[in-house]
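Each residue of the sequence shown is one higher than the one before, starting from 0 at the first, in numbering that gives the first Met the number 0.
A virtual CB, placed ideally from N, CA and C, is assigned to each residue, including glycine.
None of these values were measured; they are calculated from a predicted model.
Everything below concerns the one structure shown next.
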Amino acid sequence: MREVVVAPLVPAPERGGLAELVYANADEAPDHVAFRRRTPDGWSPVTAKEFRDQVQRLARGLVAAGVRAGERVAILSSTRYEWTLFDFAIWAVAAVPVPIYPTSSREQIEWIITDSGATAVVVETPEHEEKVAGLPLLRGVWRIDTVEDLMALGEGVAATEIDERRATVSPKDVATLIYTSGTTGRPKGCVLTHANFFAEAGNVAELLSPLFKGKDVSTLVFLPLAHVFGRMVQVGSVLARVTLGHTADVKNVVNDLAAFRPTFVLSVPYVFEKIYNSARQRAESAGKARIFDAAVETAIKYSEATRPGLVLRIRHAVFDRLVYQRLRSVLGGRCTYAISGGAALGRRLTHFYRGIGLTVFEGYGLTETTAAVTINAPSAARAGTVGRPVPGTTVRISGDGEVLIKGGVVFSGYWGASSAQDEWFATGDLGSLDDDGFLSIIGRKKEILVTSGGKNVAPAVIEDRITAHPLVGQAVVVGDGRKFVAALITIDREHLALWKKSNGKPDGATAADLVEDRELLAEVQQAVDAGNEAVSAAEAVRRFRVLPTEFSIDGGHLTPSLKLRRSQIMNDFADEVESLYEPR
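Right, dumping it as structure tokens:
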């Protein structure tokens with residue numbers, strides 16, 4: 000199949016912008032708990048009416064501070080309740096929020112503020128204040144935790160002025176500029192309209208109605224709101240009246256999930272992998288690794304089976320009491336659905352989670368497509384794929400295998416670009432559509448390696464398999480223009496501690512100390528062998544090099560959305576790559 004078209008489920012609004020969602024919720028369901036806000040006393044409720052009133056007060060403060068319709072206001076902060084409050088208040092005054100990752104360097108921040116022409120910025124920390132100090136375009140710099148001061152400033156502004164501002168907003172107007180994370184080159188501002196978000200959030204919420212609709216549905220957003228995926232979670236929750244919570248602590252998100260107890264989560268594969276690997280480590284520490292592994296295999300077989308037999312059902316029921324219930328409690332005990340995007344979760348983990356009672360729907364999308372363009376859903380799911388097109392979207396595979404997108408979710412172009420976006424958006428990703436319209440992503444068009452023998456190699460396929468091993472942190476396949484394929488591999492810090500204990504290594508030994516350790520290399524070889532099973536002999540990794548440190552955002556080797564910066568890695572580890580091809 001070369002093209003699949005899915006009709007929209009939700010009509011596009013003819014007038015108004017995203018701020019109207021807040022006012023409609025307050026009018027139609029004033030007592031609905033729109034948010035649960037983290038406080039020293041726990042998760043405190045915020046009703047739809049209370050949130051509307053806060054948005055209105057903050058919007059009046061923005062007007063008093065001089066924010067004009069159409070102006071850009073940057074938000075430089077981690078994920079928190081006030082981020083969402085500012086977002087909707089900026090929309091309420093017909094201005095344009097410009098999110099910036101809190102981990103951005105001064106150079107990146109200066110570029111985004113200058114390129115977007117932002118006239119004000121909301122910052123979270125004193126360090127952020129220092130990074131924006133002296134930028135010439137800024138008329139205002141506000142701390143996000145002093146929102147009450149800005150609200151007080153607006154007490155002299157009439158509420159009718161906000162209503163008049165809102166009335167001027169059209170769905171076709173610019174809602175936000177989201178700058179791509181920049182795996183190569185300088186970030187570009189993606190122009191997303193209010194209509195783009197309505198097309199995305201409205202159709203996804205309808206398609207995934209078992210997640211977004213029902214009594215007491217809730218979700219915890221821990222993705223950066225500077226990322227389009229996190230932003231869609233926010234907008235979709237307000238649109239569908241899902242109770243929303245915020246946390247920025249991804250490393251300890253498991254504790255927050257247990258306390259917040261969401262009914263569904265939207266995440267990147269890293270979190271699902273972390274939950275699995277942590278559970279495996281605890282089982283091994285307790286001497287129950289064999290039981291856990293048997294439970295994993297049973298969950299996978301149970302998920303894969305069209306009609307599980309009696310013996311499999313009995314084994315599954317036993318492991319549900321022994322293992323699966325505890326795993327579900329990690330997410331708070333109420334979570335039955337999850338959406339995974341940003342990278343491939345993999346068929347094995349998809350079946351594992353479904354087998355323990357958590358159905359994970361993989362999706363695919365980009366900043367330029369307002370998040371998801373395809374997604375698996377309760378009505379149509381296929382493990383190992385990223386689903387069918389979001390309603391209102393058309394997906395086509397070009398002659399050279401590139402994924403092309405058309406529909407209401409596609410952005411209008413890049414900020415400052417001289418030409419408008421073409422009817423079809425070329426994603427740069429290679430993919431295929433099966434006979435039922437399910438999309439599979441093969442890899443990035445620009446990341447395809449071509450060996451000196453002329454073999455085309457998609458790195459993502461084997462990298463996903465290698466990193467499935469708990470000891471492996473990240474894997475980068477190399478071999479462009481070389482005789483064979485090789486890989487750079489990092490070691491997962493958390494699992495290394497358990498591995499050292501099990502293999503009699505010194506407690507204080509680091510990954511750097513063990514890069515030549517025979518037993519560690521043998522373990523990594525097992526991961527590589529598992530990866531090689533997914534590809535042909537010409538694509539298989541023949542050699543690998545263990546690096547002394549993991550890739551990180553701070554080190555410049557990962558984007559804020561945890562994607563590999565391949566060009567930077569290849570540059571910084573050029574010597575290690577060369578060593579892989581030295582004669583032996």
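Use the C-beta contact count for I143: other C-beta atoms within 10 angstroms, 16 or more gives buried, fewer gives exposed.
-> When all chains shown are included, I143 counts as buried.
Using the DSSP secondary-structure output, state which residues sit across from W141 in a beta bridge.
-> V121
Once you ignore the five residues that flank R544 on each side, which residues in its own chain have a CB closer than 6 angstroms to its CB?
-> L487, E575, L579, listed in sequence order.
Alpha carbon of R35 to alpha carbon of W42, nearest angstrom = 5 angstroms
Is it true that the CB of P261 sits closer than 7 angstroms to the CB of L584?
-> Since the first residue of the chain shown is 0 and the last is 583, residue 584 is not available in this structure.
Should the segment 422 to 435 be regarded as contacting the segment 195 to 206, the criterion being three or more beta carbon pairs within less than 8 angstroms?
-> Cβ pair count under 8 angstroms is below three, so no.
Closest residue to R314 among E303, G331, A293, Q324 (Cα-Cα distance) | A293
From which residue to which residue does the alpha helix (DSSP H) around R590 run?
-> Since the first residue shown for the chain is 0 and the last is 583, residue 590 is missing from the structure and cannot be characterised.
Starting from A337, trace the beta strand (DSSP E) both ways and give me its first and last residue.
-> Here the beta strand (DSSP E) through A337 covers 336 to 339.
With respect to the beta strand (DSSP E) encompassing Y363, which residues constitute its N-terminal and C-terminal limits?
-> 358 to 365
Can you tell me which of S266, R333, K273, S284 puts its alpha carbon nearest to the alpha carbon of A257?
-> Minimum Cα distance to A257 is reached at R333.
Figure out for me which residue from A158, R14, T102, F351 has the closest Cα to the Cα of N276.
-> F351
For R14, count neighbouring C-beta atoms within 10 Å of its own C-beta (all shown protein chains included) and say buried if the count is 16 or more, exposed if not.
-> exposed
Taking the DSSP output, what are the residues bridged to I374?
-> G362, R387
Given D255, which residues of its chain have a CB within under 6 angstroms of its CB, disregarding the five upstream and five downstream residues?
-> Within the same chain, D255 has close Cβ partners T246.
Buried or exposed for A573, please, with buried defined as at least 16 other CB atoms from any protein chain shown within 10 angstroms of its CB.
-> exposed
Looking only at its own chain, which residues have a Cβ that is under 8 angstroms from the Cβ of E577, when we skip the five neighbours before and after it?
-> none
Given T183, which residues of its chain have a CB within under 6 angstroms of its CB, disregarding the five upstream and five downstream residues?
-> Low per-residue confidence applies at T183: pLDDT is 47, beneath 50, and the placement is therefore not dependable, though the value from the model is reported in the following sentence. Once the five neighbours on either side are set aside, the close Cβ partners of T183 are S566.
Does the separation of the CB atoms of V476 and E462 fall below 7 angstroms?
-> yes
Is it right to say E283 is buried, meaning 16 or more other beta carbons lie within 10 angstroms of its own, or is it exposed?
-> Classification for E283: buried.
Name the residue from Y301, L344, A11, Q55 whose alpha carbon lies nearest to the alpha carbon of T159.
-> Q55
R542, enclosing beta strand (DSSP E) - first and last residue | 540 to 545
Kindly provide the ranges of any beta strand (DSSP E) runs that are 3 or more residues long and lie completely inside the segment 433 to 465, ordered along the chain.
-> 438 to 443
Determine, using beta carbons only, whether T102 and P559 come nearer to each other than 7 angstroms.
-> Between T102 and P559, the CB-CB gap stays under 7 angstroms.
Between K445 and the rest of its own chain, which residues show a CB-CB distance below 7 angstroms, the 5 nearest in sequence each way excluded?
-> G427
Is DSSP giving I552 helix, strand or coil here?
-> I552 falls in the coil class under three-state DSSP.
Using the DSSP secondary-structure output, state which residues sit across from D428 in a beta bridge.
-> R443
Closest Cα partner of R51 within the set W90, R37, T305 = W90
What is the DSSP secondary structure of H245, counted as helix, strand or coil?
-> strand
What are the boundary residues of the beta strand (DSSP E) that F34 is part of?
-> 32 to 38
So what does DSSP say about E581, is it helix, strand or coil?
-> coil
Report the rounded CA-to-CA distance for S236 versus V21, giving the unit in angstroms.
-> Note on geometry: alpha-carbon atoms of S236 and V21 lie some 11 angstroms from one another.
Can you list, in chain order, the residues of its chain whose CB lies under 6 angstroms from that of A25, leaving out five sequence neighbours each side?
-> A47, K48, R51.
Kindly list the residues whose CB is nearer than 8 angstroms to the CB of T393, restricted to its own chain and excluding five residues on each side of it in sequence; keep chain order.
-> Answer for T393: E2, V3, V4, V5, I404, K405, G406, listed in chain order.
Excluding five sequence neighbours on each side, which residues of the same chain lie with their C-beta closer than 6 angstroms to the C-beta of L513?
-> L519
Do you know how far the Cα of L357 is from the Cα of I318?
-> Before going on, a small fix: residue 318 reads as Phe here, not Ile. Taking the straight line from one Cα to the other gives about 15 angstroms.
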